[in-house]
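Student: Position one of the sequence shown corresponds to residue 720 (this note's numbering), numbered consecutively onward. Quick reminder that beta carbons are idealized off the backbone N, C-alpha and C, glycines included. To start, I am sharing the structure in question, which I have written as structure tokens.
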Amino acid sequence: MIARLIDGRTVAAALRVEVAARVAAAGFAPGLAVVLVGEDAASNVYVRTKDRAAREAGIETRTIRLPAETGQTELLNSIQQLNDDPTIDGILVQLPLPRGIDPPAVIEAIDPAKDVDGFHPMNVGRLAEGRPNLVPCTPLGVVKLLRAAAVNIAGARAVVLGRSAIVGRPLASMLLAADATVTIAHSRTRDLPAECRRADILIAAVGKPEIVKADWIRPGGTVIDVGINRMPDGRLTGDVAFQACAAVAGAITPVPGGVGPMTVACLLENTLTAALRRRIA
Ligand code: NDP
């Protein structure tokens, strides 16, 4: 391996300490509500992780557990109560939602000022316009990792592999705002390896284990792997063939221990941001 390792655990730990210090200085505990519908095992793990991290940072969390058979109207009523609750600064509805519930309708019901996932169309539009309010946690974590690793974004050629609403698209907007020259590649892109090889910064958010090979990497380039793929043997792997790509890249994130820890840390920061803005609004 010749690439420098970008250690997300260390950067995320520092951000969590910083958020905890800012919460202590604020003199009040921001409130985060997490709404979980049904009994999805993976969602349960995520919710527990978020809950623990929030408490450690001095953020009060409330988990609203609703049965899988909850109807859309009932869920929208719960969200309305949280919108109206002055002790709640951030609302997060854990996805995926059970069948029969329309995710866009649920996300649109969240008060944009409490939308700590940054998925509400008003926040999506603000980001696309270059006037960001609350922005999605995973792409925010990617940009913070690049900055922590002192990677030059301004003027760099960035290729974002994946165009989902939660990672690829918002990340492209954030990199553009940071003055990168941005390409978004996806399943219909012609000659994906050639597009990737142009990248000073390559970000993979595809969900296909080790799709990015060593000969897709520009020598000395920076590679950020957002992918989390559970292999049949239980191992977690990213979208990047780590060992081979690390021999070509200049800097690279591992999986696990790269972007994943940043997502939770950025959720805490977004909750504090929402709390402070609501109090001065
Ligand atoms: P989606 O499935 O919503 O989007 C995947 C994107 O990859 C799509 O734009 C799709 O293209 C593109 N794609 C799929 N197959 C190919 C291919 N063969 N070649 C090129 N592009 C392809 O995934 P998400 O954005 O939600 O997540 C991506 C990965 O990131 C997953 O592994 C997920 O687990 C992980 N993730 C990690 C997080 C973290 O905290 N670290 C948080 C969120 C996600 P098209 O649009 O054309 O279909």
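Do Lys932 and ligand 1 come close, with the Cβ less than 7 Å from some heavy atom?
Tutor: Outside the cutoff, so no.
Student: Where does the unbroken beta strand (DSSP E) through Arg781 begin, and where does it stop?
Tutor: It spans 779-785 - the beta strand (DSSP E) in which Arg781 sits, taken as one unbroken run.
Student: By DSSP's criteria, Thr902 is part of a beta bridge. Which residues make up the other side?
Tutor: DSSP output for Thr902 lists Val878 as bridge partner(s).
Student: Would you call the CB atoms of Leu991 and Arg741 closer than 8 Å?
Tutor: Result yes, Cβ atoms of Leu991 and Arg741 sit closer than 8 Å.
Student: Starting from Gly979, trace the alpha helix (DSSP H) both ways and give me its first and last residue.
Tutor: Where Gly979 is concerned, the enclosing alpha helix (DSSP H) stretches over 978-999.
Student: Return the first residue and the last residue of the beta strand (DSSP E) that His809 is part of.
Tutor: What sits at residue 809 in the sequence shown is Gly, not His. Unbroken beta strand (DSSP E) run through Gly809: 809-812.
Student: In the structure shown, what three-state DSSP assignment does Ala1061 receive?
Tutor: Outside the shown range of the chain (720 to 1000) lies residue 1061, about which nothing can therefore be said.
Student: Please report the Cβ distance between Asp830 and Asn802, rounded to the nearest whole angstrom; I am assuming they are in contact, meaning their Cβ atoms lie under 8 Å.
Tutor: So it is a contact: roughly 4 Å between Cβ atoms.
Student: With hydrogens ignored, establish whether the beta-carbon of Gly837 is closer than 7 Å to any heavy atom of ligand 1.
Tutor: The answer is no for Gly837.
Student: Do Ile725 and Gly977 have their C-beta atoms closer together than 8 Å?
Tutor: The answer is yes: Cβ separation under 8 Å.
Student: Could you tell me the alpha carbon to alpha carbon distance between Val983 and Leu955, rounded to whole angstroms?
Tutor: So the two alpha carbons sit approximately 18 Å from each other.
Student: Taking only runs that begin and end inside the segment 816-859, name each unbroken alpha helix (DSSP H) of 4 or more residues, in chain order.
Tutor: For the segment 816-859, whole alpha helix (DSSP H) runs of length 4 or above, ordered along the chain, are 822-828, 840-848.
Student: Taking the alpha helix (DSSP H) that Arg798 belongs to, which residues open and close that run?
Tutor: In the sequence as presented, Arg is not what sits at residue 798; that position holds Ile. Note, Ile798: alpha helix (DSSP H), 791-803.
Student: Can we count Thr908 as close to ligand 1, meaning its CB is less than 7 Å from some heavy atom?
Tutor: Result yes, Cβ under 7 Å from ligand 1.
Student: I'd like to check one pair, Pro817 with Gly777: are the Cβ atoms closer than 8 Å?
Tutor: No, Cβ-Cβ distance for Gly777 and Pro817 is not below 8 Å.
Student: Pick from Ile826, Arg845, Gly849: whose alpha carbon is nearest that of Leu838?
Tutor: One point to set straight first is that residue 838 is Phe, not Leu, in the sequence displayed. Considering only alpha carbons, the answer is Ile826.
Student: Could you please give the first and the last residue of the uninterrupted alpha helix (DSSP H) stretch that includes Val730?
Tutor: It spans 727-745 - the alpha helix (DSSP H) in which Val730 sits, taken as one unbroken run.
Student: So is the beta-carbon of Ser883 under 7 Å away from any non-hydrogen atom of ligand 1?
Tutor: Yes.
Student: For Asp910, which beta-bridge partners are listed by DSSP?
Tutor: Bridge partners of Asp910: none, in fact.
Student: List the DSSP bridge partners of Thr941.
Tutor: Its beta-bridge partners are Ile920, Ala970.
Student: Whole-angstrom Cβ separation of Pro822 and Leu814, contact assumed at under 8 Å?
Tutor: The pair is a contact, with the Cβ atoms about 6 Å apart (cut-off 8 Å).
Student: Which two residues bound the contiguous beta strand (DSSP E) that contains Ala752?
Tutor: Residues 750-756.
Student: Please state if the CB of Ala965 and the CB of Pro749 are separated by a distance shorter than 8 Å.
Tutor: No.
Student: Can you tell me which of the three DSSP states Val862 falls into?
Tutor: Val862: helix per DSSP, three-state reduction.
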